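First the structure, in the form of structure tokens, and then the observations on it.
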Amino acid sequence: MAIGFCGGFSTFSTFAYEFYQYITKGQLVLGIVYVLISILLTLGAVFAGIRTVM
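Numbering (the working numbering), first residue to last: 17 to 70.
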């Protein structure tokens, strides 16, 4: 459980850093698209997992 918890921190920090890189390079639209696609794919994976288990 602790390994997964710590892995979540590194995954989120990488996600935040990549978004930060888009913003600092002046690519705001690309950064927003990156965030939205990431959220949509995550939600899709959650629903697919729930549907698989149910």
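Even glycine gets a Cβ: it sits at the ideal position worked out from N, Cα and C. Small disclaimer: the values here were computed from a predicted structure and weren't measured.
Asked: Delimiting residues of the alpha helix (DSSP H) encompassing Gly42; Found: Counting along the chain, Gly42 falls outside any alpha helix (DSSP H), and DSSP gives it neither H nor E.
Asked: Span separating the alpha-carbon of Ser29 from that of Gly23; Found: 10 Å
Asked: Whole-angstrom distance between Met70 and Ile39, CA atom to CA atom; Found: 40 Å
Asked: Distance, Thr68 Cα to Val45 Cα; Found: 34 Å
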